[in-house]
Structure formats: C-alpha cells, structure tokens
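**Q** For reference, the structure I am asking about is given below.
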Amino acid sequence: MALRVLMVGRKHEDWVVDGIRRYEKRLKKPFDLTWVSIPHSARENDAARKEESERLLAKLGSDYVILLDERGKAITSPQLAKTLQKPLDNSRNVTLIIGGAYGVDQGVHDRADFVWSLSPLVFPHQLVRLILAEQIYRAQEIAGGRPYHHE
Numbered sequence: 216m217a218l219r220v221l222m223v224g225r226k227h228e229d230w231v232v233d234g235i236r237r238y239e240k241r242l243k244k245p246f247d248l249t250w251v252s253i254p255h256s257a258r259e260n261d262a263a264r265k266e267e268s269e270r271l272l273a274k275l276g277s278d279y280v281i282l283l284d285e286r287g288k289a290i291t292s293p294q295l296a297k298t299l300q301k302p303l304d305n306s307r308n309v310t311l312i313i314g315g316a317y318g319v320d321q322g323v324h325d326r327a328d329f330v331w332s333l334s335p336l337v338f339p340h341q342l343v344r345l346i347l348a349e350q351i352y353r354a355q356e357i358a359g360g361r362p363y364h365h366e
C-alpha cells in the first residue's frame, strides 16, 4: 500500500523542496509519498492536455485515483483522512494527480475515483504540491488519532 503523486511538470522548486521535506520526514507508511514527475507536453491547449493525460493514464493501473481539480468536491481534512484510509485499508494503492497547465482531459476525469478541490481558487502547481504534502501529513495524524488537527 502506498501513496503516490503524479504531477505534470518539472521537479520541485527549491522553496517548495524545503516545505515538502518538512512533512515527508514526519510521514509513515502507508501515508509516505512518492512523487513522480510527468514531462510537460511541448504542445499547447487541447493537444497538450491530451498528450499529458495519456501519459498520466498509462501510469495508473488499478490504483484508487484522486484527481486534484478546482471544480472537484471540497472536503474537510477529516474527510480527506477517511478518503485516503479506505482504499489503503482495502490494500489498494492511492495515486493523486496534479495535472498540467491546461488541466486533464475527460478520460482522466472518468478514471478518477474521486475529484478533489483544494479550493475554488487556482494555485500555482508548486504551491499545490506543498499544500498536498501538508494535507497528507494532516490526514495521517487524524487517522492516527493524534492532536495535530484541531476541530
């Protein structure tokens, strides 16, 4: 059982690396993260979206898939903890997807088991990575009944 993040784009920028490392040091199985970078398409608009989506879909297998999308469902941190824990309890890997600048195509939406909105606002991809790392850590702490999260 594992958590993996598929992200379209280059590696983490330095300012993001420090923040992500802060949370990764605290993560324990099955909440530890693996980050997999999918190269940006050299194309634009629909062509880029299609090419990047095909690359993402090729990496999914039978994983439980959570797509990050500002048009997805907004949930609380305790709900995220439950959303992550359920497939892990069923011995299923979880893959979270951060799409590219043009988003992902309908095929990725259709394949997603859950479409999650961090916010109706659009954030830069680097910031989304950092927020995601913190929320995974928070979910771990909630699932473990530890006091990091306050209601």
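For the sequence shown, position 123 (counting from the first letter as 1) is numbered 338 according to this note's numbering, and the numbering increases by one without interruption. Note that the Cβ used here is the ideal one computed from N, Cα and C, for glycine as well.
(1) Between which residues of its own chain and S268 is the CB-CB distance below 7 Å, once the five residues before and five after are set aside?
(2) Per DSSP, what kind of secondary structure is V319 in: helix, strand or coil?
(3) Residues in its own chain within less than 6 Å of L314 by CB, not counting five upstream and five downstream?
(4) Taking R241 and Y352 to be in contact with their CB atoms under 8 Å, please state how far apart those CB atoms are, rounded to whole angstroms.
(5) Output needed for E345: all residues of its chain with C-beta closer than 7 Å, excluding positions within five of it in sequence on either side, in chain order.
(6) To the nearest angstrom, how far is it from the Cα of K288 to the Cα of A217?
(7) For the structure I just gave you, are there three or more beta carbon pairs, one from the region 325-341 and one from the region 267-285, closer than 8 Å?
(8) Who are Y369's beta bridge partners in DSSP?
(9) Does DSSP classify R264 as helix, strand or coil?
(10) Can you give me the Cβ contacts of R247 inside the same chain, cut-off strictly under 8 Å, excluding the 5 residues immediately before and after it?
(11) Suppose you measure from the CA of N305 to the CA of A262; what does that come to, to the nearest Å?
**A** Judging by the given coordinates:
(1) Hits under 7 Å: V319, D320, G322 and V323.
(2) In the three-state scheme derived from DSSP, where H, G and I count as helix and E and B as strand, V319 is classed as coil.
(3) For clarity, residue 314 is Gly in the given sequence; the question names Leu instead. Taken in chain order, the residues that qualify are V223.
(4) Yes, R241 and Y352 are in contact; Cβ-Cβ is about 6 Å, under 8 Å.
(5) The amino acid at residue 345 is misidentified as Glu; the sequence shows Leu. Correct list, in chain order: V231, G234 and I235.
(6) Cα to Cα, the separation comes out at about 23 Å.
(7) Contact between the region 325-341 and the region 267-285 is present, because at least three Cβ pairs lie under 8 Å.
(8) Any question about residue 369 goes unanswered here, given that the chain covers just 216 to 366.
(9) Secondary structure of R264 (DSSP, three-state): helix.
(10) The identity of residue 247 in the sequence shown is Asp, whereas the question assumes Arg. The residues are A217, L218 and E239.
(11) Here the alpha carbon of N305 sits roughly 36 Å from the alpha carbon of A262.
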